[in-house]
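Participant:
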Amino acid sequence: MLAALAISGLPSDRFMFAGFLAGATGARQTQITELSNLAATTIWFETPARLAQSLSDMAEIMGRREAVIARELTKMHEEVIRGDLADLASRIASMARLKGEIVLLVAGKPDDETAFDDDQLAAMLRAELDGQRLRDAVKSVVETTGMPRNRVYRLALQLTADTQTAPEQDE
436 MLAALAISGL PSDRFMFAGF LAGATGARQT QITELSNLAA TTIWFETPAR LAQSLSDMAE
496 IMGRREAVIA RELTKMHEEV IRGDLADLAS RIASMARLKG EIVLLVAGKP DDETAFDDDQ
556 LAAMLRAELD GQRLRDAVKS VVETTGMPRN RVYRLALQLT ADTQTAPEQD E
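My numbering numbers the first residue of the sequence shown as 436 and each following residue consecutively.
#1: Closest by CA to M582, which one among G566, E563, Q567, D552?
#2: Measure the CB-CB distance between R463 and L456 and report whether it falls below 7 Å.
#3: Cα separation between E507 and T579?
#4: In chain order, what residues of the same chain have a beta carbon less than 8 Å from the beta carbon of G535, not counting five sequence neighbours either side?
#5: So if DSSP puts G454 in a beta bridge, which residue, or which two residues, is it bridged to?
#6: Answer yes or no: do A591 and L569 have a C-beta to C-beta separation smaller than 7 Å?
#7: Buried or exposed, going by whether 16 or more other CB atoms sit within 10 Å of the CB of M493?
#8: Looking at C-beta atoms only, is the number of pairs between the segment 496-503 and the segment 517-532 that lie closer than 8 Å three or more?
#9: Beta-carbon within less than 7 Å of M436's beta-carbon, same chain only, minus the 5 sequence neighbours each way: which residues are those?
#10: For D519, which three-state DSSP category applies?
#11: Note the first and the last residue of the continuous alpha helix (DSSP H) segment covering A502.
#12: So L540 is in the beta strand (DSSP E); what residue range does that whole segment cover?
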């Protein structure tokens, strides 16, 4: 764990070892959500079989964050892969399954993650929702802002619910 932190290039002044990620999807997403607001680097152990799905879950919950996969440290086939969570998720999903011991490190919550308030995000979503499916509009806003997908998606659902229940006004 400490060897992975030392070579990761992520902030090491504050970090938290979170242990193994849960195997069940719901439990894993709960674990990630509970630690998603930490400003400290989080360190996880993960199995090669679940790595791509865990990275995908993290990208969805945590948003755009730098991460490092450290594999087989201090051994002959040592490997370090760096990128943001979504990029790593797609890269790992397209590779042959990795083998060995995997340490996953994720940068803490950035200070500027609240740079967009709900009103700004709502305005962006309204513009994107005009002629697009909800899923595509959310994806576009997340890619533009780097905000966590869960936050943008919840706001989009709220906007569409408000639009459907708003009474029609006569002019």
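Where is the CB? At the ideal position from N, CA and C, for every residue including glycine.
Facilitator: Looking at the coordinates:
#1: Taking each of G566, E563, Q567, D552 in turn and checking the Cα distance to M582, the smallest one comes out for D552.
#2: Yes, these two residues count as a Cβ contact at 7 Å.
#3: Cα atoms of E507 and T579: separation of roughly 35 Å, rounded to the nearest angstrom.
#4: Result list for G535: P483, R506, E507, K510, H512, in chain order.
#5: The bridge partners DSSP lists for G454 are W479.
#6: Cβ atoms of A591 and L569: closer than 7 Å.
#7: With a threshold of 16 other beta carbon atoms within 10 Å, M493 meets it and is buried.
#8: Enough Cβ pairs lie closer than 8 Å, so yes.
#9: Within the same chain, F452, I478, V538 come within 7 Å of M436 by CB-CB distance, once the 5 residues on both sides are set aside.
#10: The answer is strand: DSSP assigns D519 an E or B state.
#11: Boundaries around A502 are those of the beta strand (DSSP E), 501-506, since no alpha helix (DSSP H) includes it.
#12: L540 -> beta strand (DSSP E) spans 537-541.
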